[in-house]
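Residues 124 to 545 (our numbering) are what the sequence shown spells out, left to right.
Quick reminder that beta carbons are idealized off the backbone N, C-alpha and C, glycines included.
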Amino acid sequence: MSVSIIVGAQWGDEGKGKIVDMLSEEADIVARYQGGANAGHTIVFDGKKYVLHLIPSGILHPETTCVIGNGVVIDPVALMEEIHMLESMGISVEGRLHISHKAHLIMPYHKHLDAAREKQAGSIGTTGRGIGPAYYDKALRTGIRIVDLLDRDVLREKIRHNLEEKNQLLQALYGAEPIDVDAMIDEYVEFDSRIDPYITDTTLLLNSALKEGKRVLAEGAQGALLDLDHGTYPFVTSSNPTSGGACTGLGIPPTAISSVMGVVKAYSTRVGNGPFPTELNDETGELLRTEGHEFGATTGRKRRCGWLDIPALRYSIMINGISEIALTKLDVLGVLDDIRLCTGYVVDGKVVKSFPADVATLSRVECTYQSYPGWKSSLDGIRSFADLPPAAQHYVEEIERLLETPVRWVSTSPAREDTFLR
Ligand code: IMP
């Protein structure tokens with residue numbers, strides 16, 4: 124049995140889409156295990172740019188089967204838009220995309236509630252895609268699942284029951300307009316007829332494929348530090364992007380996992396609120412943002428930028444079991460005179476050994492930095508490690524040394540061909 128998991132090792136936006144797209148060539152199935160349309164995976168090939176929010180990046184390889192697992196929360200509008208976009212670009216989806224009948228649906232009231240909550244004090248800075256409220260209903264056991272679409276009466280009753288409560292919440296607590304029950308039922312009945320060809324028991328599909336010796340790539344969305352349990356809570360997403368989430372989010376056993384690859388951006392970024400120890404609120408941060416086009420693929424928001432954070436990455440490697448790294452966006456650092464790596468955290472004059480669990484402490488850490496000379500040149504056209512400028516090679520080797528984990532892949536541009544194996 125062979126499942127390789129790909130996780131984002133930081134706060135998301137590490138460039139997982141590109142790495143999954145590249146590794147899809149070797150995989151029979153690519154399966155997404157958590158999150159929803161809050162993700163934005165950008166892939167560039169043949170000069171075309173594709174941004175996928177829900178459908179696994181493997182869909183761009185005609186031979187690859189794609190799965191959206193039970194752990195994902197599905198926004199019908201986003202899903203249909205994405206299928207339409209792919210089909211209109213000549214990429215056939217039907218017969219290749221399989222959606223779990225156990226996945227939960229994002230309903231319009233989830234998006235309304237997400238938006239309303241974000242207007243309150245102490246907001247998380249969510250993507251506004253209804254993710255938190257949908258997982259909340261899942262945990263509360265009032266969520267609506269894909270399987271509920273099969274029975275119109277059950278669907279009608281569940282929507283009606285949910286809306287009774289949500290409309291009260293929207294009106295009383297947030298002063299928002301109530302939602303019309305009948306219009307919503309019609310919308311979801313119409314969605315059911317369109318989604319029907321894709322729905323299946325993906326747990327069975329994946330486990331049967333594994334028995335036959337097929338190779339599965341499990342694709343995480345967001346990043347480990349946004350994990351609901353292990354991230355910088357409460358400034359996290361509402362699912363488990365860490366490798367453990369792949370088992371529950373797909374229904375595959377831990378014994379099927381053969382490797383975990385962590386995708387690491389050569390510097391750090393974070394969208395939304397929450398602590399960010401190595402953040403650069405200066406010209407260097409601005410330069411990284413412009414050079415790295417650090418604007419959210421889903422919301423267009425500015426990403427906060429900072430130096431690579433070794434203590435945070437050590438923690439991420441530990442909780443995910445990362446055995447190899449794909450290092451992305453190394454080219455972006457080519458504009459800097461010198462580059463820093465945060466090698467340790469100090470709080471109240473004491474070196475901190477473990478990653479702080481509370482936001483208050485994490486917001487107070489002082490970072491210890493190590494400086495490295497920049498290479499001050501473009502990495503255009505470089506397709507091997509040996510051809511990298513010596514300073515860039517040294518930076519990569521230092522990351523490996525400090526993390527005690529090999530950097531197996533290095534990516535030097537958004538294009539598919541500019542990723543090479545060490
Ligand atoms: P939510 O997932 O929309 O509830 O947002 C919760 C937090 O996760 C916010 O800080 C978002 O900016 C962040 N987030 C969610 N999805 C992504 C992503 O794909 N990349 C980076 N940050 C994300």
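Item                                                                                                                               : Value
Any non-hydrogen atom of the ligand IMP closer than 7 angstroms to N363 Cβ                                                         : no
Chain-order list of residues whose beta-carbon lies under 6 angstroms from that of P479 (same chain, five-residue window excluded) : L485
Buried or exposed by the 16-neighbour rule on C-beta atoms within 10 Å, applied to T401                                            : buried
Cβ-heavy atom distance, R252 to the ligand IMP, below 7 angstroms                                                                  : yes
beta-carbon F358 near the ligand FMN non-hydrogen atom, thresh 7 angstroms                                                         : In terms of ligand content, the structure shown lacks the ligand FMN and carries the ligand IMP instead.
Residue from S246, H184, R424 and D309 whose Cα sits closest to the Cα of L220                                                     : H184
Residues of its chain near G248, where Cβ-Cβ distance is below 6 angstroms and the 5 sequence neighbours each way are ignored      : G395 and N396
M441 classed as buried or exposed, judged by whether at least 16 other C-beta atoms fall within 10 angstroms                       : exposed
Residue range of the unbroken beta strand (DSSP E) whose run includes D303                                                         : Neither: D303 is in no beta strand (DSSP E) and is coded neither H nor E.
Q345 burial status per 10 Å Cβ neighbour count (16 or more: buried)                                                                : buried
Supposed close pair Y390, L411 - CB separation, criterion 8 angstroms                                                              : 6 angstroms
Beta-carbon proximity check, G457 vs C428, cutoff 8 angstroms                                                                      : no
Extent of the continuous beta strand (DSSP E) run through T407                                                                     : Note, T407: premise wrong, no beta strand (DSSP E); alpha helix (DSSP H) at E406 to E414.
Distance between K452 and R279 (C-alpha atoms, nearest Å)                                                                          : 48 angstroms
E489, enclosing beta strand (DSSP E) - first and last residue                                                                      : E489 to P496
Backbone secondary structure at E313 - three-state DSSP                                                                            : helix
Separation of D350 from I254, as counted between CA atoms                                                                          : 13 angstroms
Endpoints, the alpha helix (DSSP H) within which K473 is located                                                                   : Counting along the chain, K473 falls outside any alpha helix (DSSP H), though it belongs to the beta strand (DSSP E) covering K473 to V475.
Near the ligand IMP: W532 beta-carbon under 7 angstroms from a heavy atom                                                          : no
Given 8 angstroms, three or more beta-carbon pairs between the segment 323-343 and the segment 150-158                             : yes
Enclosing alpha helix (DSSP H) for L525 [first to last residue]                                                                    : P513 to L526
Continuous beta strand (DSSP E) assignments of at least 3 residues falling wholly in the segment 140-166                           : 152-155
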